[in-house]
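Offset between the sequence shown (1-based) and the numbering used here: plus 31.
Virtual Cβ for every residue (Gly too), placed ideally from N, Cα, C.
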Amino acid sequence: MSTRRRLGTILAALAVTIAAPAGADAGEAPPRLVLAHYMACCPRSGLEATVADLSAEIAAARAAGIDGFSINFGAYAAEPHYPRIIARLFEAAAAFPDFHLVLSFDQMDVADSIPVAERYADHPSSLTQHGALVVSGFGLTPRWAETFSAGMRERGIPVRLVPNLLPARGGLWARISGATASGLRHTLDATPALAGLFTFGAGRPYDELETELRDAAALLARRSRIHMAGISPGYRGLGGNARVFENDGFEGMRRLWRAAIESGTPWVQLVTWNDWNEATYLQPFASPFATVWRDHPAWQRLPDHGGFLAASRWYIDWFKNGRPPPIGRDRLFYFYRPHLEDAEGVVDFAPETRGRPRFADTLVDRVHVATFLAAPADVTVTVGDRSQTTRVPAGAGAVSVPMAIGDVAVELRRPGAAPLRAVLPVPIGRTALPGNFDTLSGEVTFGESPR
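Right under this line is the structure:
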């Protein structure tokens, strides 16, 4: 057993609190941790992504206040691109000593999972807590967790297991429909090996996700377990997952951030960095629309979600530091579908199938602006030929106006100062492409004063 593993075993046995100790090494989890869910299947540059490509993704995540990636994968030896991408992510992360990586096994066979965890247990970029390797997962079972922990213990590797688990009762449907407090209690009782739980935080209406987050945080705190709360920008799936949920612009994500902060949740996982199929990605683009993989028909001209990530920075800083950060300059972010709710889109691309995702009729035709203002101001949003002005106080706020066909513009006014105006880059049209029931977001960039 390596020196690090022997020391980790001792520290893991002594650990009785969630907070990381002072003087932690480079891989040690900070008291408040923000990870992003990284799909190993889907690097921005494709399955041949280089170390330099992945380094650029890590740099972008770090710039947004993200502390690391939770690398999600559902196979290893059977899919050669997974070992290659994971190895390159670890190689890239080595150049960023404060950036952590977590292995997240997605319904993988436990016998295949243990050797992968053993391989990266001593890597300096692997996240640890109290010297023990942090491991996560998605859609796992209590039996998987117990078997995995026992297998790692036999190898002399202490682990802190914080996965998303299928409830001990109710199976897959219970996970999809949300974990009840009773279900979480049964799962914890059935799985003593758990250091905590990851609530996924996507694929359902945000009010349900908020309730689940708060309930899970309270229960896990009482059990002295870690809660890793999933926070997502919204959801729009394809194929068998062709469903969509209203996010009210940034409001859904804001509510999840507030729930994590107010509940004392110690760890957050942004869901996701790069799930292009389910439209939960937060990796920012350099333009309003971007093609991710040219040979993938569903990943053409995807709308930028960078506004969700940038607007989250204020909440990330609050989450980590325990208080709302001061706002020294105005920042405004826009969020809207670039088409009306009653449009027909594409629900599958293999083959291309026209239609509307489930729950599309619950969507609301509105344009949303999240505001972070240094001082009160009047914010006017013009959509087509309709304008609406809202007096917005200093701090974090929001403006929402009805959607219509035409250009979208935002104007900010204060007494004694020249007004600032910006026309947003994408007008609202009648057809669902591009956009396809997904949300376009970005930062409002003001130009010259309007004439």
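The alpha helix (DSSP H) with residue i in it runs from where to where?
i           : result
residue 352 : 337-352
residue 220 : 212-221
residue 367 : Residue 367 -> not in any alpha helix (DSSP H); beta strand (DSSP E) instead, spanning 362-367.
residue 259 : Element bounds for residue 259: not the alpha helix (DSSP H) but the beta strand (DSSP E), 257-262.
residue 180 : 173-185
Assign residue i to one of three DSSP states: helix, strand, or coil.
i           : result
residue 114 : helix
residue 251 : helix
residue 124 : helix
residue 312 : coil
residue 156 : coil
residue 474 : strand
residue 374 : coil
residue 208 : Confidence at residue 208 is low in this model, with a pLDDT of 49, below 50, so its placement is unreliable and the value that follows should be read with caution. If DSSP states are grouped into helix, strand and coil, residue 208 belongs with the helices.
residue 94  : helix
residue 392 : helix
residue 192 : strand
residue 272 : helix
residue 86  : helix
residue 385 : strand
What is the C-beta distance between residue i and residue j, in whole angstroms, given that I count them as a contact (C-beta under 8 Å)?
i           : j           : result
residue 19  : residue 454 : In the structure as shown, the chain starts at 32 and stops at 482, and residue 19 therefore has no counterpart that could be examined.
residue 456 : residue 319 : 5 Å
residue 194 : residue 171 : 5 Å
residue 372 : residue 391 : 7 Å
Cα separation between residue i and residue j?
i           : j           : result
residue 63  : residue 386 : 42 Å
residue 61  : residue 474 : 30 Å
residue 267 : residue 472 : 15 Å
residue 377 : residue 366 : 21 Å
residue 228 : residue 438 : 45 Å
residue 181 : residue 104 : 21 Å
residue 479 : residue 409 : Because the pLDDT of residue 479 is 46, which lies under 50, any placement of that residue in the model is unreliable, and the question is left without a value.
residue 379 : residue 433 : 29 Å
residue 286 : residue 423 : 19 Å
residue 168 : residue 178 : 14 Å
residue 333 : residue 466 : 7 Å
residue 276 : residue 89  : 29 Å
Would you call residue i buried or exposed, if buried means 16 or more other Cβ atoms sit within 10 Å of its Cβ?
i           : result
residue 294 : buried
residue 174 : exposed
residue 469 : buried
residue 278 : buried
residue 79  : exposed
residue 375 : exposed
Starting from residue i and walking both ways along the beta strand (DSSP E), at which residues does that stretch end?
i           : result
residue 427 : 426-433
residue 289 : No beta strand (DSSP E) contains residue 289, which is instead part of the alpha helix (DSSP H) from 282-294.
residue 144 : It is not in any beta strand (DSSP E) - residue 144 instead sits in the alpha helix (DSSP H) that spans 141-151.
residue 413 : 408-414
residue 279 : Looking at the DSSP string, residue 279 is not in any beta strand (DSSP E), and its letter there is neither H nor E.
residue 100 : 99-104
residue 132 : 131-137
residue 447 : Looking at the DSSP string, residue 447 is not in any beta strand (DSSP E), and its letter there is neither H nor E.
Mind checking if residue i is an interface residue toward chain D, Cβ cutoff 8 Å exclusive?
i           : result
residue 240 : This model lacks chain D altogether; it includes just one protein chain.
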